Amino acid sequence: EGGDFETYDRIRATGEDICEQPQDIQCGAQNYPNRSLDLLGQEVKCDVNFGLVCHNRDQKGQFGMCYNYMIRVLCCSVSHCQGPTTTAGSPPTPGTATTATSEKTTGFTMASTATPTPKETQTSSWLTTGLSSALTTRRTSSTGCKFQCTWTDWLDSDKPELGQFGGDIETYYHIRNKTGIQICKKPVDIECEATLFPNMSFQQLGQEVVCNVDFGLICRNSKQSNNQTCFNYHIRVLCCEEDISCFSTTGSLSTTSS
332 EGGDFETYDR
342 IRATGEDICE
352 QPQDIQCGAQ
362 NYPNRSLDLL
372 GQEVKCDVNF
382 GLVCHNRDQK
392 GQFGMCYNYM
402 IRVLCCSVSH
412 CQGPTTTAGS
422 PPTPGTATTA
432 TSEKTTGFTM
442 ASTATPTPKE
452 TQTSSWLTTG
462 LSSALTTRRT
472 SSTGCKFQCT
482 WTDWLDSDKP
492 ELGQFGGDIE
502 TYYHIRNKTG
512 IQICKKPVDI
522 ECEATLFPNM
532 SFQQLGQEVV
542 CNVDFGLICR
552 NSKQSNNQTC
562 FNYHIRVLCC
572 EEDISCFSTT
582 GSLSTTSS
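Going by this note's numbering, the letters in the sequence shown line up with residues 332 to 589, in that order.
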């Protein structure tokens, strides 16, 4: 059994500090930060009481694997800090915060029944324990043919180009053309990260990067703030191929975790 488990206990075990009683939670897939959980189409529990839990066994579709998820929580220093106006598990509408102590828009509306007083609120950065487990999965299709799903090695075709029109391009076509490495025709999932900052999300890096399972990764210097140059990024993809042998039974699943 595998999946992705971003519970408070597991995240604290990595050394991250989370407040004892978060007031609200946001959950998102690392590679699809602008999509709500509903649009992702996976069975995921995003609960302010414990964090996020995703089991591979609960996923539908041919390959049935959880995405790599991340969470962030809202911490309040006063007891009358009430909950948000948005539904847990769905990203709030940007720009609706009415009380905040930092320049970042939290998307949460803070309310109080007492006389207005300064409140210290803080939204944590996006937190994740790492990649979802079960990196190798075998599943049978409706015809009984087995699929072998494995992640490729990390792929890095070249270094970022300097200048306004430069950047780092790690698309499938670019990788094939530059390195000769063959990537499966239809990757099922993708992971993207900066080579020098492997445990940081794009939000933490502060760069505008497109990481898309349909074509790969694109980072343009012209899209970065303060005339930044794109970091050097690399990607890896999940490829699922039919095994040679086929059999008549359907629906069986075995998983190997790394």
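Glycine included, each C-beta is placed from N, C-alpha and C at the ideal position. Treat the numbers as computed from the prediction; the structure is a model and nothing was measured.
Proximity of residue i and residue j at Cβ, strictly below 7 angstroms
{"i": "Gly-537", "j": "Ile-566", "result": "no"}
{"i": "Leu-486", "j": "Val-519", "result": "no"}
{"i": "Asp-340", "j": "Val-379", "result": "no"}
{"i": "Ile-514", "j": "Tyr-503", "result": "yes"}
{"i": "Ile-521", "j": "Asn-362", "result": "yes"}
{"i": "Glu-337", "j": "Gly-382", "result": "yes"}
{"i": "Ser-488", "j": "Lys-509", "result": "yes"}
{"i": "Cys-571", "j": "Cys-542", "result": "no"}
{"i": "Leu-370", "j": "Ala-360", "result": "no"}
Residue i - DSSP class collapsed to helix/strand/coil
{"i": "Ile-349", "result": "coil"}
{"i": "Thr-560", "result": "coil"}
{"i": "Thr-510", "result": "helix"}
{"i": "Asp-369", "result": "helix"}
{"i": "Asn-380", "result": "coil"}
{"i": "Gln-357", "result": "strand"}
{"i": "Glu-572", "result": "strand"}
{"i": "Thr-543", "result": "The identity of residue 543 in the sequence shown is Asn, whereas the question assumes Thr. Strand, per DSSP."}
{"i": "Asp-389", "result": "helix"}
Where the beta strand (DSSP E) through residue i begins and ends
{"i": "Thr-502", "result": "498–502"}
{"i": "Arg-343", "result": "Looking at the DSSP string, Arg-343 is not in any beta strand (DSSP E); the run it does join, the alpha helix (DSSP H), is 339–344."}
{"i": "Leu-536", "result": "Here Leu-536 belongs to no beta strand (DSSP E); instead the alpha helix (DSSP H) covers 533–536."}
{"i": "Leu-405", "result": "400–407"}
{"i": "Cys-523", "result": "520–525"}
Contacts around residue i, its chain only, beta-carbon distance under 6 angstroms, and the 5 residues preceding and following it disregarded
{"i": "Cys-397", "result": "Gly-334, Asp-335, Cys-385, Asn-387 and Ser-463"}
{"i": "Phe-533", "result": "Val-540"}
{"i": "Lys-554", "result": "Glu-539"}
Close beta carbons around residue i, own chain, < 8 angstroms, minus the five adjacent residues each side
{"i": "Arg-343", "result": "Ile-349"}
{"i": "Gln-390", "result": "Gln-373, Glu-374, Met-396 and Cys-397"}
{"i": "Cys-561", "result": "Pro-491, Gly-497, Gly-498, Asp-499, Gln-538, Val-540, Cys-550, Arg-551, Asn-552 and Gln-555"}
{"i": "Leu-493", "result": "Asn-552 and Thr-560"}
{"i": "Leu-278", "result": "Only positions 332 to 589 of the chain appear in the structure, and residue 278 is not among them; the question remains open."}
{"i": "Val-544", "result": "Asn-362, Pro-518, Val-519, Asp-520, Ile-521 and Val-568"}
{"i": "Tyr-400", "result": "Asp-335, Glu-337, Cys-358, Gly-359, Ala-360, Gln-361, Val-375, Leu-383, Cys-385, Thr-459 and Ser-463"}
Same chain, Cβ closer than 7 angstroms to residue i, neighbours up to 5 away in sequence not counted
{"i": "Glu-351", "result": "none"}
{"i": "Ile-512", "result": "Leu-486 and Ile-506"}
{"i": "Lys-376", "result": "Leu-383 and Val-384"}
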